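The block underneath contains the structure these notes are about, expressed in structure tokens.
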Amino acid sequence: MSFGRPPSINLGFKPTAPDRGSFPLDHYGECKDKMMLYMSCLKQNGSASTPCRVLSKDYLDCRMHNGLMERDDWKNLGMANVTSSDTNANSYGVKRQQSSNIPSK
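Under full-length UniProt numbering, the first residue of the sequence shown is numbered 1, with each subsequent residue one higher.
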């Protein structure tokens, strides 16, 4: 007898893991710097994610590199057309911290 739920809920229901969205937490802060840059970019841009896509890609790359998420193609993550932060960081509202004696790329 079931109280408060349909009687067939236990029949044939098999939970499955989500395709995306479930990944280990960054307990050791391996990608915390990249995450903080992305979050501050969102804050500076009124939560608009478009100007922060380069930082988002950098953060996801860090997570994939450190085994915090499964490596996937950028096109599957919707970032195939996002360029590297090394070349276009300033066009996305991100201030690059460089010393004057270091040549830019």
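Every residue, glycine too, gets a C-beta built ideally from N, C-alpha and C. Given the structure is predicted, the values throughout are model-derived calculations rather than measurements.
If we call anything under 8 angstroms between Cβ atoms a contact, is residue 151 one with S47? Residue coverage of the chain in this structure runs from 1 to 105, which leaves residue 151 outside it and unanswerable.
Going straight from the alpha carbon of R71 to that of D61, what length do you get? 8 angstroms
Put S82 into one of helix, strand or coil per three-state DSSP. The amino acid occupying residue 82 in the given sequence is Val; Ser does not appear at that position. The answer is coil: DSSP assigns V82 none of H, G, I, E or B.
Under the assumption that C31 contacts R63 (Cβ atoms under 8 angstroms), give the Cβ distance between them as a whole number of angstroms. 6 angstroms
Quick check: the Cα distance between H65 and C52, rounded to an integer number of angstroms? 20 angstroms
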